[in-house]
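Novice: Each residue of the sequence shown is one higher than the last, beginning at 6 in the working numbering. Don't be surprised by glycine CBs; every beta carbon is placed ideally from N, CA and C. Note that the structure is predicted; figures quoted are calculated from it, not measured. One structure, as structure tokens, below. Some questions next.
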Amino acid sequence: MPQQPDRPADDGPRGFRPAERLVEAANAVRRSPLLSRAELAALLVRHGERAADVRADAFSEADADELRDAARTLADVLAERDPDRVAEALNELLARHGAPPRLSRHDGHPWHLHVDRGEQAGWGEWFLASGALALAQLLTERGRVAWGECAASGCRTLFLDTGPGSARRYCSTGCATRTRVAAHRRRQR
6 MPQQPDRPAD
16 DGPRGFRPAE
26 RLVEAANAVR
36 RSPLLSRAEL
46 AALLVRHGER
56 AADVRADAFS
66 EADADELRDA
76 ARTLADVLAE
86 RDPDRVAEAL
96 NELLARHGAP
106 PRLSRHDGHP
116 WHLHVDRGEQ
126 AGWGEWFLAS
136 GALALAQLLT
146 ERGRVAWGEC
156 AASGCRTLFL
166 DTGPGSARRY
176 CSTGCATRTR
186 VAAHRRRQR
């Protein structure tokens, strides 16, 4: 089957996926509030950052603290389901941490948007600005909050909801099934 002209090949270069990076970082920091600098660096590398940019001399313990704080802030936005409150929070984050958007292509990466303050931005500010932009794009593209916190009892996992159909409530089919089975058992009593 011929390749559709508006869709990249599956094996071609992938652009940055800041929303995925954001959700993974927020979940990691929720699970382990003192997630190590090395674990944060590995997470960033998995999402396209160069290993040289997150070595200990370029990404310090203080930088990791900033990033953990930023991930906690954005986790609160990811847990919010009301679109008006989400838009207000994202506008505030963009006003406080963002700069005019600019296209950037560096270090062999494809073109992507930056909204941080460039070299003056610390890791936390960069993460807040790029995360807020990613969520704002999802909100406008989907016309609804396209993420959430799992509704299963005892699960606080954050997830993206970018698939077709109605809004997701659970992080996984496992949590959805466990919740349905528990509800069924309660009704059977």
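Per DSSP, Ala118 forms a beta bridge with which residues?
Specialist: Checking the sequence shown, residue 118 turns out to be Leu, not Ala. The partner list for Leu118 (beta bridge, DSSP) reads Leu108.
Novice: Which of the three DSSP states is assigned to Asp16 in this structure?
Specialist: Residue placement at Asp16 is poorly supported in this model, since its pLDDT is 38, which falls under 50; the coordinates still yield a value, given next. Three-state result, Asp16: coil.
Novice: Counting only the same chain and skipping the five closest in sequence on each side, list residues whose C-beta sits under 8 Å from that of Ala63.
Specialist: Ala57
Novice: Would you say Ser76 and Val59 are within 8 Å of each other, going by their C-beta atoms?
Specialist: Looking at the sequence itself, residue 76 is Ala, so the reference to Ser does not match. Taking 8 Å as the Cβ cut-off, Ala76 and Val59 do not qualify as a contacting pair.
Novice: Mapping the DSSP letters down to three states, classify Gly153 as helix, strand or coil.
Specialist: In this structure, Gly153 counts as strand in the three-state DSSP scheme.
Novice: Taking DSSP as the reference, what is the three-state secondary structure of Leu39?
Specialist: coil
Novice: Take Ser109 as the anchor and find which of Gly123, Gly129, Arg149 and Thr184 has the nearest alpha-carbon.
Specialist: Gly123
Novice: Just verifying my parser: in three-state terms, what is the DSSP assignment at Phe216?
Specialist: Absent from the structure is residue 216, since the part of the chain shown begins at 6 and ends at 194.
Novice: Looking at C-alpha atoms only, which residue of Ala139, Ser177 and Gln193 is the closest neighbour of Leu118?
Specialist: Ala139
Novice: In the structure shown, what three-state DSSP assignment does Glu54 receive?
Specialist: coil
Novice: Starting from Val196, trace the alpha helix (DSSP H) both ways and give me its first and last residue.
Specialist: Absent from the structure is residue 196, since the part of the chain shown begins at 6 and ends at 194.
Novice: Using alpha carbons as the reference points, say which of Pro23, Leu72, Gly170 and Ala94 lies closest to Arg42.
Specialist: Leu72
Novice: Grouping DSSP H, G and I as helix and E and B as strand, with all else coil, what is Gly129?
Specialist: Helix.
Novice: Just verifying my parser: in three-state terms, what is the DSSP assignment at Asp11?
Specialist: Note that Asp11 has pLDDT 35, beneath the 50 cutoff, so the model's placement of it is unreliable and no number is given.
Novice: With distances taken from CA atoms, which of Glu44, Asp89 and Arg55 is nearest Asp70?
Specialist: For the residues Glu44, Asp89 and Arg55, the minimum Cα distance to Asp70 belongs to Glu44.
Novice: So Pro106 and Arg149 are supposed to be a Cβ contact under 8 Å. How far apart are they, rounded?
Specialist: The distance from the Cβ of Pro106 to that of Arg149 is about 23 Å, inconsistent with a contact at the 8 Å cut-off.
Novice: At what residues does the alpha helix (DSSP H) containing Val91 begin and finish?
Specialist: Pro88 to His102
Novice: Does DSSP put Asp68 in a helix, in a strand, or in coil?
Specialist: helix
Novice: Please name the residue in Asn32, Ala157 and Ala80 whose C-alpha comes closest to that of Leu98.
Specialist: Ala80
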